[in-house]
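Colleague: The sequence shown runs -32 to -1, 1 to 180 under mature numbering (1 follows the signal peptide of the UniProt record, and there is no 0).
Cβ coordinates follow ideal geometry from the N, Cα and C atoms, glycine included.
Before I ask anything, here is the structure I am working with.
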Amino acid sequence: MWFIHFIKSSIGKKWIMAVSGCCLILFLCSHAAGNATLFSSVALFQAYADQLHSHPLIVSVFSKGLFLVFAIHIITGSLLFLQNRKARSQGYKVQTRAVKNSQASSTMIYSGLFILLFALVHTSAVSFGDHGTIGNTIADLFSSFFISMFYIIAFIALAVHLSHGFWSMLQTFGVNHPTYNGLISRLTYVVPIFFLLIFSAIPLLFLFGTGK
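This is the structure in structure tokens:
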């Protein structure tokens, strides 16, 4: 079957990574928008959470879908990493990229694994409890210096991961032309820094007491 052969191929895996990565970036956008309510007050964030959980079916379907996309992204990324490592051992040469960020590229598997660890810790910290007190849970969580630092380090890892992942996604989608390469180069840094600033500002907000 052509589809099976496609997803087994290197190009097929790259397309799976690109599509799943795009879905995860869209999730990050929605997550950042929801979390941004914390800049106003815990009460507003709690109201947002209550409104979200007033539609349990949507939350359930979205959560399961997100888990599936995340799992597909991790598994496919791991397979590509092993495939590329084997190719390099056989003298495979990587093509020159339009936006040079070799360090982020070479550490994708490690930043990805750290993000996975963070996702597991974060999910266990905020999901197993009453969503009616999620605002207070977040406030208590980020009152700890070590927990806040762990979150900030995870957001740095996310930014590093995105700096290559965002470029790779655009290349797979065919967005690669001298006319656009300058913009792509800037977005490679702007997009990760945007998420880093939004997400890191929240634990800092509570750590220094201004968010309570």
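Taking only three categories from DSSP, how would you classify residue 177?
Modeller: Translated into the one-based positions of the sequence shown, residue 177 becomes position 209. Of the three classes helix, strand and coil, the one that applies to residue 177 here is coil, per DSSP.
Colleague: Under 6 angstroms Cβ to Cβ from residue 86, same chain only, skipping five residues before and after it: list those, please.
Modeller: By one-based count along the sequence shown, residue 86 stands at place 118. Within the same chain, residue 86 has close Cβ partners 122.
Colleague: Should residue 177 be labelled buried (16 or more other beta-carbon atoms within 10 Å of its own) or exposed?
Modeller: Within the sequence shown, the letter at position 209 stands for residue 177. Exposed is the call here.
Colleague: Output yes or no for whether 8 angstroms exceeds the beta carbon distance between residue 120 and residue 171.
Modeller: As a position in the sequence shown, residue 120 is number 152, starting the count at 1. As a position in the sequence shown, residue 171 is number 203, starting the count at 1. Contact flag set, yes.
Colleague: Expressed to the nearest angstrom, what Euclidean distance is found between the alpha-carbon atoms of residue 47 and residue 73?
Modeller: For the purposes of this step, residue 47 is taken as the residue at position 79 of the sequence shown. For the purposes of this step, residue 73 is taken as the residue at position 105 of the sequence shown. Those two C-alpha atoms are separated by around 15 angstroms.
Colleague: Using the three-state DSSP reduction, which class does residue 75 fall into: helix, strand or coil?
Modeller: Residue mapping note: residue 75 aligns to position 107 of the sequence shown, counting from 1. DSSP places residue 75 in coil when its eight states are reduced to three.
Colleague: Would a C-beta distance cut-off of 8 angstroms place residue 159 and residue 141 closer than the cut-off?
Modeller: Against the sequence shown, residue 159 aligns to sequence position 191. Against the sequence shown, residue 141 aligns to sequence position 173. No, Cβ-Cβ distance for residue 159 and residue 141 is not below 8 angstroms.
Colleague: Going by DSSP, what residue range makes up the alpha helix (DSSP H) through residue 133?
Modeller: Stepping through the sequence shown from its first residue, residue 133 is reached at position 165. First-last of the alpha helix (DSSP H) with residue 133: 113 to 140.
Colleague: On the criterion of 16 or more Cβ atoms from any shown chain inside 10 Å, does residue 103 qualify as buried, or is it exposed?
Modeller: Locating residue 103 in the sequence shown gives position 135, counting from the first residue. Its Cβ being crowded by 16 or more others within 10 Å, residue 103 is buried.
Colleague: Taking 8 angstroms as the threshold (beta carbon to beta carbon), is residue 130 in contact with chain C?
Modeller: Protein chain content of the structure displayed is limited to a single chain, and chain C is not contained in it.
Colleague: Mark residue 19 as exposed unless 16 or more other C-beta atoms lie within 10 angstroms of its C-beta, in which case mark it buried.
Modeller: One-based indexing of the sequence shown puts residue 19 at position 51. Residue 19 is exposed by the Cβ-count criterion.
Colleague: For residue 143, which three-state DSSP category applies?
Modeller: One-based indexing of the sequence shown puts residue 143 at position 175. It is coil, neither helix nor strand.
Colleague: Rounded C-beta distance between residue 111 and residue 174? I'm assuming under 8 angstroms.
Modeller: Start at 1 with the first residue of the sequence shown, and residue 111 comes out as number 143. Start at 1 with the first residue of the sequence shown, and residue 174 comes out as number 206. 6 angstroms between Cβ atoms; contact.
Colleague: Would you identify the three-state DSSP class for residue 95, choosing helix, strand or coil?
Modeller: Numbered from 1 along the sequence shown, position 127 holds the residue referred to as residue 95. In the structure shown, residue 95 sits in a helix (DSSP, three-state: H, G or I).
Colleague: Between -25, -10, 169 and 11, which lies nearest to residue 101 when the distance is taken from Cα to Cα?
Modeller: As a first step, residue 101 must be located in the sequence shown, where it is residue number 133. Residue 101 has its Cα closest to that of 11, out of -25, -10, 169 and 11.
Colleague: Evaluate the contact criterion for the stretch -17 to -2 versus the stretch 75 to 92: three or more CB pairs, one atom per stretch, below 8 angstroms.
Modeller: At 8 angstroms Cβ cutoff, the stretches do not touch.
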